[in-house]
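Oh and the sequence shown: position 151 is 154 in the numbering used here, straight run, nothing missing. The beta carbon of each residue, even a glycine, is placed where N, CA and C say it ideally should be. Note that the structure is a prediction, hence the values are computed from the model and not measured.
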Amino acid sequence: MSIAQFLESKIEYMKGVGPHRAALLNELNIFTYRDLLQHYPFRHEDRSQMHLAKDLLEEMPAAQLKGKIIYLSSAGEGAKKRLIAYFNDGTGDVELLWFQGIETVKKNIKTHQAIYLVYGKPQFFAGKFSIVHPELEEWTPEKDKEMGWQPVYSITEKMRKKFFTSKALSKITQALIALLRQQPTWETLPDYLCQQYQLMPRKDAIEQIHFPKNIALLEKAKRRLKFEELFFVQLKLLKTKQFRKISYQGQILKDTQLLTQFYNEHLPFELTNAQKRVVKEIYNNLQTGKQMNRLVQGDVGSGKTMVAFLAMLIAIGNGGQACLMAPTEILADQHYNGLKKYADALGITIDKLTGTTKTKDRRVLLGRLENGNLKILVGTHALIEESVLFENLALCVIDEQHRFGVEQRSKLWKKNEHALYPHILVMTATPIPRTLAMTLYGDLDVSIIDELPKGRKPIITAHRYENNRLKVYEFIRSELNKGRQAYIVYPLIEESEKLDLKNLSDGYEQVKKAFPEFKVSMVHGKMNTLEKDEEMQRFSQQQTQIMVATTVIEVGVDVPNASVMVIENAERFGLAQLHQLRGRVGRGAEQSYCILMTDLKISKDSRTRLDTMVRTTNGFEISEVDMQLRGPGNLMGKEQSGLMNFLIADLAKDGAILEEARNAAQTLLETDAHLQKPENALIKQYLLAQKEGNYWSRIS
Ligand code: ADP
Ligand code: MG
């Protein structure tokens, strides 16, 4: 039997499993020997040490004892019924307690004769030590040899009810590993890589991750398995990228006349060096004749929109069209209004398409799009509908990428019936941790705008409690008196829309009362676009001084004269959201402030979030903390979390290994792009054996 056949063997044929247990294991996605071997323990227990009853301490997380059970007694009635076993190891007494499964335990315990191994968390109560629901097994001399680090596996509730415990699973796994040992080898990485990165052989790693001889070997085993997992993901992403570069032609966009004209005659400010660099990177891409797939990461306010517009000018200057897709109606409006000023100055046609565009207008617009008269289209998801077709879409800009799925990204490729695929420029609103970017966008080229426009003063952020409210209001007043404007943001309470509005309108009344001498605007998600627009306009034209809002103003809204952002119930917001909201101020030359209001009592995680906001304005740093708090999967939302379903690697913790794995994959592709060298045969074999559609289908 080959190793492949061995690994594919059905789990029910494993000794000690059978059809019933197999059915239970299937629910854990364990169908084959391989699956069981790769059902890694989530922690280990140190069973290498034996404790004495007289040395027990309350603070021990767990203790292991060897001794006899002197007698059993039952106590209590009904739900409080319990079994007590009086245990003694010659140095002292410990009470073992069971509240469930009493009859089974009672039947099996042999008082006096047998020697038992007891394992569990010691508790000290009424002058005695006790252990509730200890692990209990009869001691035999062989057991001494097995003492060591023992695996703890996740199991289902059903398994628990059928006494198919982690311990039972570990026995089966141990037997399976004994079989694996008889197999000649199980390797996926070539020798030279294992040596270069000091990785233990796969077979050893599998054995050590379940039953480590010691902590050092456990760590080595983890490292090996994590490396491998990350290596293959990176290899696939880099291969996709390489494949596209070779295979997909893009329009050659060389002419920069229009760009230069705008640059010299209309550009309202000097570009930052970072903006200049990124525009160059984009231009270098656009003129090669290969399709661009580029991600621009830049902190809030770093000026991504202008970069996108300059790229659009290259597209249009070469006879193409461009579109910009935003995640919300408000943001699409904002982009449209902003870009229209520039476009008008150059005599370039621009229009807007959203879900609320009227049918008649829409028909006209689509016609102009198809005959090429309309050069720039700004919009929401409405852009990806099938009826939206361009004469010659040369560049597609996607703003605030994390709200779009990869699927949607790929739909934009098909917007030209006859011309080549459009170039794609993705702009992220929230910087994401490097490890995530490498995994989610590992197939894209990346540009980073790591500089804010000159003259911006870093926003000063403070955390204030309810009992400081009057002082906070005084401060807002002093800013308003200087001619500035302020946002006051209330959280969405998702469980109840009614409560939401109540929360907001209460806030609105409170603010109006507190600031009778100023005009107050209110914007929320239940207003229609027209109403929202009008209210935004009033605020941005300084007809009102205070904007009371829900998070609808989170993305994009740009009023440089606003210098104060107050966030009410700030503990309810996630870090990314807080950072986005704060980015609404600090857009002008004035010193700006962000005030995070909370009650006195907040959770530990909330405090970490607020402290982080006070400490730094660096979006990358903030996203790191966010990932540590929430885990990579939750950070990015369901759509993309599939790419982060690792067996063992953890993007929040394994950044260093990921860097190594990516380097290894990169080097491999540079030296042996088609995996033709004999020393890379194992890698090729592994890739071929992977089920189709795993990663490939998720990557656009
Ligand atoms: P974001 O990267 O968050 O999308 P925006 O593109 O909305 O940022 O830019 C934020 C503000 O900064 C806008 O008002 C924009 O006009 C302005 N801006 C962009 N680039 C510069 C620059 N180089 N110098 C001065 N102001 C700039
Ligand atoms: Mg933006």
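For Arg541, no beta strand (DSSP E) segment is defined; the enclosing uninterrupted segment is the alpha helix (DSSP H) at Thr532 to Ser543. Pairing Gln41 with Ile14, the inter-Cα distance amounts to about 13 Å. Here Ile255 has Gln290 and Gly292 as same chain residues with Cβ atoms under 7 Å from its own Cβ, once five neighbours each way along the sequence are excluded.
Taking a C-beta distance under 9 Å as the contact criterion, Thr308 and His269 do not qualify as a contact pair. Residue pairing from DSSP leaves Met150 without any beta-bridge partner.
Sequence-distant partners of Leu99 (beyond 5 residues in either direction) whose C-beta falls short of 6 Å from its own C-beta, in its chain, are Ala88, Phe90, Ile134 and Pro137.
Exclusion of Thr433 from the 8 Å shell around the ligand MG follows from its C-beta lying no nearer than that to any non-hydrogen atom of the ligand. Segment contact: the stretch 594–602 against the stretch 470–485, three or more CB-CB distances shorter than 8 Å; contact assigned. Taken in chain order, the complete beta strand (DSSP E) segments of 3 residues or longer contained in the stretch 110–182 are 119–123, 125–128, 131–135, 138–141 and 152–155. Your pair Pro154 and His47 checks out as a contact, with CB atoms roughly 6 Å apart and the cut at 8 Å.
For His47, the secondary structure class from DSSP, reduced to helix, strand or coil, is strand.
Of Ala684, Asn666 and Leu240, the smallest CA-CA separation from Tyr200 is found for Asn666. For Phe235, the enclosing alpha helix (DSSP H) begins and ends at Ile218 to Ser250.
Assignment of alpha helix (DSSP H) within the stretch 652–685, counting only whole runs of 4 or more residues, yields 658–674 in chain order. Short note on Thr554: C-beta not closer than 8 Å to any heavy atom of the ligand MG. Residues Ser524 and Val526 of the same chain have their beta carbon placed closer than 6 Å to that of Glu538, with the five preceding and five following residues left out of the count. Contact between Phe518 and Ile549 holds: their C-beta atoms lie close to 6 Å from each other, under 8 Å. The beta carbon of Lys535 sits closer than 6 Å to those of Val526, all from its chain and outside the five residues before and after it, given in chain order. For Ile379 and Arg371, the gap between their C-alpha atoms comes out near 11 Å. Taking a C-beta distance under 9 Å as the contact criterion, Leu349 and His466 do not qualify as a contact pair.
Leu262 is positioned such that its CB atom lies no closer than 9 Å to that of Leu327. Looking at Asn376, Asn374 and Gln278, the one whose alpha-carbon comes closest to that of Ser450 is Gln278. For Tyr493, no beta strand (DSSP E) encloses it, and the DSSP letter there is neither H nor E.
When Cβ pairs closer than 8 Å are counted between the two stretches, the stretch 421–436 is seen not to touch the stretch 347–367, the count staying below three. Under DSSP, the beta-bridge partners assigned to Lys13 are Thr35.
In terms of CA proximity to Met295, Lys244 leads the group Lys244, Thr331 and Val310.
Distance check between Leu59 and each of Ile118, Tyr43 and Phe128 places Phe128 closest, using alpha-carbon atoms only. Less than 9 Å separates the beta-carbon of Arg226 from that of Ile660.
The bridge partners DSSP lists for Ser524 are Met550. Residue pairing by DSSP places Asn296 opposite Ile427 in a beta bridge. Collapsing the DSSP output to three states places Val20 in coil. Here the stretch 21–34 makes contact with the stretch 139–159; the two share three or more CB pairs at distances below 8 Å. Contact between Arg50 and Gly151 holds: their C-beta atoms lie close to 6 Å from each other, under 8 Å. The C-beta separation of Ala573 from Ser626 comes to about 18 Å, leaving the pair out of contact by the 8 Å criterion.
Annotated three-state conformation of Ile87 is strand, per DSSP. Secondary structure of Trp416 (DSSP, three-state): helix.
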